[in-house]
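Q:
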Amino acid sequence: MQEKTFNYKIADAQGTYVAPIAPEQFDIEGYCAYEADLLDKCRIFWEKKNGVAVYRRFRVPEVFSYGSKDLKTSLALQLAALQESMKYKADIPNFLEPWYGIGTVVSAFGLNYEWHDNQAPATRTPFKSIEEVLQAEQKPVEETEIGRHTLEMIEYFLDKTKGKIPMSFTDTQSPLNIASALVDINSFFLEIYDNPEGVKELFGIITKLLIDFTKKQHTYIGDALASPGHGFSSSRAFQGLGMSDDIMLMLSDAIYEEFALPYAEQVGANFGGTAFHSCGNWTRKIPVVKNYKNLVMADGAFSQETDPDANLPDLFSEAYKGTGAVLNARIVGNAERVAEQVKKLWRPDMKLIVATYCDTPEEQEKAYERIHEICR
C-alpha cells in the first residue's frame, strides 16, 4: 500500500470538524455513563506492564487556534466533539481542555498574545539575552492576562458541565520550550556555552512558575483531571504531566541532559511522572528520552499523514518494550494504514496506545478490531 503524504493544504492534519452545540444541548449524563464504562479498561491498562489501548482523538482545529479566544466557542466545539466521539469504538474517552495557546508561562515575564485572522495566538520573543530575562520583572502566571483567562476557561467549563466531564490541564510546554520563546533563539543557543549558569538559573525560575500554575489549575479541576493532558491519550485513571519539548531536537544529548532534562523531570515529579512529546522525527533522541527517571509516556507521530517527518516505528518498539512506559502512537490514516504501522510497532512486552483519526465510525471499528487482533 502506497502511503499518503502530509496534506499541507488543510489547517490541521489531525483535526475533526464539528458543528458547535450549546452546553444545554449536551448530554452530560450520557457522556458520564460512556466514560464510566471505559474507566475500568483505562485503569487495567495503566496498571499492567504490557498491553494495548485505542484512542480515537477528537481534535477540533478551531479549538487549537483562533477559537480559543472565546471560551464559549471553545466549549461548544469541544462538547460537540465529545458527543460525536461516542460513536467511534475506543478504549479511552476524550476530554475537555482549556487550551489557550502555548504562551502560558512566558506571560509571567510580561508577554501577551497577538491575534491574527484564523490563526492560533502568537507571542514575540522580547529578550536578546539571558541576563535581560533574569533582570525582568516576573509575576505568578495566575496574575497575568493569559493565566487569568485560562483559569476562567476552567471555571466556565466546570460550571457548564457540572464538573462531571474529564478535563486536562492547558497545553503544557517544557521549561526548554518556554525558555526558547523568551530569548532570541540564536542568542539562547550561544549562551548555553557562554553563560551556562545563567541558563540554569532561568530554567529554575521557569520550572517554579510552571509547577505553581499547574498546581493552581489542579485546585480548580480537582477529580475531573484527565492526565497526562493535551495531545496525549488521557484519562482520570492515568498519571503524569504531558509536556511538549520540541526544541530538544536542536540540542545534543549531552547538553539536553545537563540543561533541560533535570528541570522537565522536576516538573513531572510533582504530577505523577513525565510524559514526553515532540513533533517531527525524534527517533535519534530515543536513548536520551528513556533517561527520564519518571517517564510514564512518550508520544510520537507514526505516519506521513500525521507528520511530514514521522518517526521510525521499528526502532521505537524495540526501545520501549519492557520499560513500562506507554508509547502513545498517533497514526492518521485509514484502518489498513493504521494496521500496517501497528504491526511494526507492537511487541508483546510493551505498553502501546494507538491514537487514531478514522473518518467514520465504520472505519474506526475496523481499525479498532485490527489493532486488538494484532496486539493479542
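The C-terminal position of the sequence shown is numbered 376 in my numbering, with every residue numbered one higher than the one before it.
C-beta atoms are modelled at their ideal positions from N, C-alpha and C, and glycine is treated no differently.
Nothing here was measured: the structure is a model prediction, and the numbers come from that model.
#1: Kindly indicate which residue of Gln217, Met350, Phe203 has the alpha-carbon position closest to the one of glutamate 142.
#2: Do you know whose CA, among Arg124, Gly51, Asp212, lies nearest cysteine 375's CA?
#3: Measure the alpha-carbon distance for histidine 372 versus glutamate 137 and round it to whole angstroms.
#4: Cβ of proline 175 within 8 Å of Cβ of phenylalanine 157?
#5: Cβ atoms of isoleucine 178 and isoleucine 154: under 8 Å apart, would you say?
#6: Taking C-alpha atoms, which residue in Ala329, Ser65, Gln25, Lys290 lies nearest to aspartate 12?
#7: Between the segment 350–357 and the segment 326–334, are three or more C-beta pairs nearer than 8 Å?
#8: Just mark isoleucine 185 as buried or exposed, buried being the case when its beta carbon has 16 or more other beta carbons within 10 Å.
#9: Assign isoleucine 353 to one of three DSSP states: helix, strand, or coil.
#10: Please state whether DSSP places aspartate 70 in a helix, a strand or coil.
#11: Mapping DSSP to helix, strand and coil, what is threonine 274?
#12: Would you mind reading off the limits of the beta strand (DSSP E) that contains arginine 56?
#13: Confirm, please, whether the CB-CB distance from asparagine 112 to glutamate 145 is below 8 Å.
#14: Apart from the five residues just before and just after glycine 322, which ones in its own chain have a Cβ nearer than 6 Å to its Cβ?
#15: For isoleucine 331, write down the residues that DSSP places opposite it in a beta bridge.
#16: So glycine 333 packs on lysine 4, CB below 8 Å; how close in whole Å?
#17: If you draw a straight line from the alpha carbon of alanine 120 to that of proline 313, how long is it in whole angstroms?
#18: Taking DSSP's pairing of strands, which residues face glycine 15 in a bridge?
#19: Quick one: Cα of phenylalanine 45 to Cα of phenylalanine 232, how far?
#20: Terminal residues of the continuous beta strand (DSSP E) containing serine 244?
#21: Using the Cβ count rule (16 or more neighbours within 10 Å means buried), how would you classify arginine 56?
#22: What residue range does the beta strand (DSSP E) around glycine 163 cover?
#23: Beta-carbon within less than 6 Å of asparagine 118's beta-carbon, same chain only, minus the 5 sequence neighbours each way: which residues are those?
#24: I'd like the span of the beta strand (DSSP E) that includes valine 296, first residue to last.
#25: If you follow the alpha helix (DSSP H) that glutamine 304 is in, where does it begin and where does it stop?
#26: Suppose you measure from the CA of alanine 260 to the CA of tyrosine 100; what does that come to, to the nearest Å?
#27: Work out the CA separation of valine 54 and valine 342 for me, nearest whole Å.
#28: Could you give the residue range of the alpha helix (DSSP H) that holds leucine 134?
#29: Shortest alpha-carbon distance to tyrosine 263 belongs to which of Ala226, Thr283, Lys208, Ala298?
#30: DSSP state of phenylalanine 127, grouped into three classes?
#31: So for serine 174, helix, strand or coil by DSSP?
#32: In its own chain, which residues sit with a C-beta less than 6 Å from the C-beta of phenylalanine 302, not counting the 5 before and 5 after it?
A: Short version:
#1: Gln217
#2: Gly51
#3: 53 Å
#4: no
#5: no
#6: Ser65
#7: yes
#8: exposed
#9: strand
#10: coil
#11: strand
#12: 51–56
#13: yes
#14: Asp349
#15: Thr356
#16: 7 Å
#17: 30 Å
#18: Arg59
#19: 15 Å
#20: 241–244
#21: buried
#22: Glycine 163 -> no beta strand (DSSP E), and no H or E assigned at all.
#23: Tyr66
#24: 295–301
#25: Glutamine 304 -> no alpha helix (DSSP H), and no H or E assigned at all.
#26: 24 Å
#27: 11 Å
#28: 130–135
#29: Lys208
#30: strand
#31: coil
#32: Ala310, Asn311, Pro313, Ala329, Ile331, Gln341
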